[in-house]
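Numbering (our numbering), first residue to last: 11 to 138. Note that beta-carbon positions come from the ideal geometry of N, C-alpha and C, so glycine has one too. Data first, discussion second: the structure below is written as structure tokens.
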Amino acid sequence: MSKDLRNPLARARGLGSAKEGVSHWMAQRVTALALVFLTVWFLCVLLGLLHADYATARATLGKPWNAVLAIAFILTMFRHAFLGLQVVIEDYVHTRWLEVASLVLIKFIAVLAALAGVLAVLRVALGS
Numbered sequence: 011m012s013k014d015l016r017n018p019l020a021r022a023r024g025l026g027s028a029k030e031g032v033s034h035w036m037a038q039r040v041t042a043l044a045l046v047f048l049t050v051w052f053l054c055v056l057l058g059l060l061h062a063d064y065a066t067a068r069a070t071l072g073k074p075w076n077a078v079l080a081i082a083f084i085l086t087m088f089r090h091a092f093l094g095l096q097v098v099i100e101d102y103v104h105t106r107w108l109e110v111a112s113l114v115l116i117k118f119i120a121v122l123a124a125l126a127g128v129l130a131v132l133r134v135a136l137g138s
């Protein structure tokens with residue numbers, strides 16, 4: 011039997027919150043919604059280029075809106091992936107140093123992969 015006679019609300023008061031939960035939750039939902047539209051665009055472009063040669067694909071990606079949407083797709087995809095992996099790591103990794111190391115590693119990989127994707131789009135779109 012517990013010696014603490016306070017009710018659960020009194021025990022919880024003063025503990026506070028991290029004050030980041032709502033913004034993290036909202037960011038996941040916004041990136042998910044953006045990915046719905048960007049994935050539909052990406053699939054339409056990809057299906058349109060199914061039997062095309064490199065010059066046609068380069069000309070398609072060379073159009074400003076297609077290049078911008080491709081970059082937006084890459085950045086949004088990696089941001090959404092990082093947010094989801096962050097929740098999984100925070101919920102299931104209970105050793106603090108391993109949690110921090112995993113979060114840093116995941117962030118590093120996501121940023122590096124996003125930059126590589128943006129560079130690839132820019133190289134194809136600008137023709138270099």
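Limits of the alpha helix (DSSP H) - the one that residue i falls within
i      : result
Gly72  : Tyr64 to Gly72
Lys13  : Note, Lys13: premise wrong, no alpha helix (DSSP H); not H, not E.
Gly137 : Here Gly137 belongs to no alpha helix (DSSP H), and DSSP marks it neither H nor E.
His9   : Nothing about residue 9 can be read from this structure; the chain reaches only from 11 to 138.
Nonlocal neighbours in the same chain, by C-beta distance under 8 Å from residue i, ignoring five residues either side
i      : result
Leu136 : Gly72
Ala123 : Phe88
Ile84  : Ala124, Gly127, Val128 and Val131
Beta-carbon proximity list for residue i, same chain, < 7 Å, skipping 5 on both sides
i     : result
Ala20 : none
Asn76 : Val55 and Thr70
Ala37 : Leu93
Residue i burial status per 10 Å Cβ neighbour count (16 or more: buried)
i      : result
Lys60  : Contrary to the premise, residue 60 reads as Leu rather than Lys in this sequence. When all chains shown are included, Leu60 counts as exposed.
Arg89  : buried
Thr66  : exposed
Ala120 : buried
Thr41  : buried
Leu48  : buried
Thr86  : buried
Close Cβ partners of residue i (< 6 Å) along its chain, the five nearest in sequence each way excluded
i     : result
Leu56 : none
Leu79 : Trp51
Trp35 : none
- Scan the segment 71-103 and note each continuous alpha helix (DSSP H) run of 4 residues or more that stays entirely inside, going in chain order. 74-102
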